[in-house]
Structures are given as structure tokens and as C-alpha cells.
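Enquirer:
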Amino acid sequence: MEVIIQADSEQASLLAARLVSRIIKEKEKPVIGLATGSTPLLLYRFLVKMHREEGLDFSRSITFNLDEYVGLAPEHPASFHHFMWKNLFSQVNIKPENVHIPDGLASDMEAYCRQYEEDIKAAGGLDIQILGLGTDGHIGFNEPSSSLSSDTRIKTLTDQTRKDNAIFFEAEENVPYHAITMGIGTILQARICLLMAFGKKKARAVSRAVEGPVTSMVPASALQLHPRAIMLLDKEAAFKLDQIDYYHWAYEHKPEWQKF
Ligand code: F6R
7 MEVIIQADSE QASLLAARLV SRIIKEKEKP VIGLATGSTP LLLYRFLVKM
57 HREEGLDFSR SITFNLDEYV GLAPEHPASF HHFMWKNLFS QVNIKPENVH
107 IPDGLASDME AYCRQYEEDI KAAGGLDIQI LGLGTDGHIG FNEPSSSLSS
157 DTRIKTLTDQ TRKDNAIFFE AEENVPYHAI TMGIGTILQA RICLLMAFGK
207 KKARAVSRAV EGPVTSMVPA SALQLHPRAI MLLDKEAAFK LDQIDYYHWA
257 YEHKPEWQKF
């Protein structure tokens, strides 16, 4: 795991945008896994800026979102479809047919989830998966106790996650109980996993995921098994880590060719 600690979420998001834009420029058909929520908002703002000001070209990019609430129509203001089109897709030149977001209204969920996995494989696999981190340690909507080798399926949200996500809904009781999510196994197959976590309220989950044991009770700890997992944190999210000085030193002395 590479742990990168930046002064604030803005600097961390700029770094994330640089890495994603490099993949978009270098690959013939970049396949990008995306997340929603508060954490990647600044990253998307930077990518839109790079598109407008530097001509970053999304026309060859294929995207797969991690998850969607079951029962929400794409036009629902709290759906991840709505979020993605509002914050990224409508502002760049991505082709709508290259955008994949799980369908919360699919009639045969099992078949739909299998197909989602097939579609990722058919696209060539994920070059990078962007991840946020739940306060309970989830990635995607893989809640504690999720199988570490799971693939795309329906999960039941914990009370904590429903409370955390209530800000996107008019009332907590409107937050759905279920979501379709890529599995932890799906995420681990991405060539790079880039997890971002900002703010004090993520500090406990960060320390459990980075320095605790690998356990299904902290789904993000599965990233310790990934050969190229990057944990991009602001100071507040990193404050409970034991090895902060080591992470800073390692980042500052990275060989030139490894920098992004
Ligand atoms: C969203 C997702 C979730 C969030 C996590 C953190 O697509 O998969 O795992 O990344 O719940 O949410 P925020 O960023 O709102 O704190």
C-alpha cells in the first residue's frame, strides 16, 4: 500500500486528477472505475477544469461506477446516475454509450449483476478504480462482513451508512436499504486502486484499513492485498496512523519515475 498524505483535500484531489488524467492520455481505451459521494467531488471538478483548459479528451474513456441505490430511478436527485451526470459527465466529452452505472431498477438483479461483471471484463478490465471510504470501513457499498472475494451484487446498507448518506436525501427514512455494488473481488481486479479519504471523521476507518489486520469487518483493509493500492489522505484523515513520518518520508523520496 502506498500512503500519501497531503495538507488538504484540494491538494490530494489535484494529485488524484493528475494520475487519472495521465491514464486517460496514455491508454488507447482507458477504463476508469468511479465513485460518488462527497469525497471525489473536487477530483471531478479538477478533471472538468483539465478538459476545459487543457483539452483533456474523454472521448475514448469507458467508465464503470461502483454502485447505485436499489429502487432509485436515474433521474432521482439522490441517485448516483444523477450525481455523475451533474458533476462530471455532462461537463466533459464522454460518449454516453461508454458510461456504465448500475441500474437500481433492473428487473432481474442477479442477471444484471453478472452482466455488469462481464461488461467490465469485455472492456478490458479497470485501469484504475477510484474509491471513497465509509466511516464503517466500506468501499463501494461493501459493508463490514462482505466477502473479500465478492463480485457485483446487492448489499444491505448499515444504519451508519444510511445515516452518513442522509445528507443527500430529504430525510433519513428516504435513504434506501439496499444498493447494487461492485464486489471487493471486482475492485481488487482493478490495475490501480486509488482510495481517497478526507476529514477527521474518516480517521478511524483509515487507521483500521491501513494499519489494522485484513478483515472483512473492515472491507477497505482488503486493499492491503492489492499490488498497487494508493491511499490518498488529507492530514485530518491520517491523524490516527502510527507510521505518519515513514509515509511522508517515503513520498518525499519517491524516485522521479514513480511520481504523478
Ligand atoms: C460511493 C461509494 C461509497 C462512498 C463512501 C464515502 O460511490 O461507493 O463507498 O465512497 O460512502 O462517502 P463520502 O465520500 O460521501 O464520505
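Residue numbers for the sequence shown follow this note's numbering, beginning at 7 and rising by one. Where a beta carbon is used, it is the ideal one built from N, C-alpha and C, also for glycine.
1. Note down, in chain order, each residue of its chain lying with its Cβ closer than 7 angstroms to the Cβ of I107, except the 5 sequence neighbours on either side.
2. Can you name the residues that DSSP bridges to Y75?
3. Evaluate S155 with the Cβ neighbour count: other Cβ atoms within 10 Å of its Cβ, from every protein chain shown; 16 or more gives buried, anything less gives exposed.
4. Could you tell me whether any non-hydrogen atom of the ligand F6R is closer than 6 angstroms to the CB of S65?
5. Whole angstroms is fine: what's the gap from L139's alpha carbon to G130's?
6. Pick helix, strand or coil for F266, following the three-state DSSP scheme.
7. Taking Cβ to Cβ, would you say G39 is nearer than 7 angstroms to L132?
8. Would you mind stating whether V216 and M202 have Cβ atoms separated by less than 7 angstroms?
9. Taking the DSSP output, what are the residues bridged to M237?
10. Where in the segment 131–193 do unbroken runs of the beta strand (DSSP E), each at least 3 residues long, occur, reported from the N-terminal end onward?
11. What are the residues that DSSP puts in a beta bridge with F245?
12. Under 8 angstroms by Cβ, that's how I've got E93 and L20 pegged, so tell me the actual separation to the nearest angstrom.
13. Can the beta-carbon of F174 be found less than 7 angstroms from the beta-carbon of A79?
14. Need the endpoints of the alpha helix (DSSP H) that S212 sits in, please.
15. Please indicate yes or no: does the CB of T42 lie closer than 6 angstroms to some heavy atom of the ligand F6R?
16. Can you say whether G61 is buried or exposed, counting buried as having 16 or more other CB atoms within 10 angstroms of its CB?
17. With hydrogens ignored, establish whether the beta-carbon of L72 is closer than 6 angstroms to any heavy atom of the ligand F6R.
18. Terminal residues of the continuous beta strand (DSSP E) containing I29?
19. What is the rounded straight-line gap between the Cα of A177 and the Cα of W263?
20. With a 10 Å radius around its C-beta and 16 neighbouring C-beta atoms as the bar for buried, classify G110 as buried or exposed.
21. Going by the C-beta, is G140 closer than 6 angstroms to any heavy atom of the ligand F6R?
22. Can T45 be considered in contact with the ligand F6R, in the sense that its beta carbon sits closer than 6 angstroms to one or more heavy atoms?
Expert: Walking through what the data contain:
1. Excluding residues up to 5 positions away in sequence, N71, E74, F86, H87 and M90 lie with their Cβ nearer than 7 angstroms to the Cβ of I107 in the same chain.
2. A185.
3. So S155 ends up on the exposed side.
4. Checking every heavy atom of the ligand F6R against the Cβ of S65, none is found closer than 6 angstroms.
5. L139 and G130: Cα-Cα distance of roughly 26 angstroms.
6. Assigned with DSSP and collapsed to three states, F266 falls in coil, not helix or strand.
7. Yes.
8. In this structure, V216 lies away from M202, with their beta-carbon atoms at least 7 angstroms apart.
9. Paired residue(s): V9 and L201.
10. Those beta strand (DSSP E) runs which fall completely within the segment 131–193 and span 3+ residues are 134–137, 159–162 and 184–187.
11. In the DSSP assignment, F245 forms no beta bridge with any residue.
12. In the sequence under discussion, the amino acid at residue 93 is Asn, which differs from the Glu named in the question. That belief does not hold up - the Cβ atoms of N93 and L20 are roughly 16 angstroms apart, past 8 angstroms.
13. Contact flag unset, no.
14. One point to set straight first is that residue 212 is Val, not Ser, in the sequence displayed. A209 to E217 is the extent of the alpha helix (DSSP H) around V212.
15. Answer for T42: yes, Cβ within range of the ligand F6R.
16. Only exposed fits G61, as fewer than 16 other CB atoms lie within 10 angstroms of its CB.
17. Correct: L72 has its Cβ closer than 6 angstroms to the ligand F6R.
18. The continuous stretches of beta strand (DSSP E) do not include I29, which lies in the alpha helix (DSSP H) extending over residues S15 to E32.
19. Straight across, the Cα-Cα distance linking A177 with W263 is about 48 angstroms.
20. Counting of Cβ neighbours within 10 angstroms places G110 among the buried residues, the total reaching 16 or more.
21. G140: yes, Cβ under 6 angstroms from the ligand F6R.
22. Checking every heavy atom of the ligand F6R against the Cβ of T45, one is found closer than 6 angstroms.
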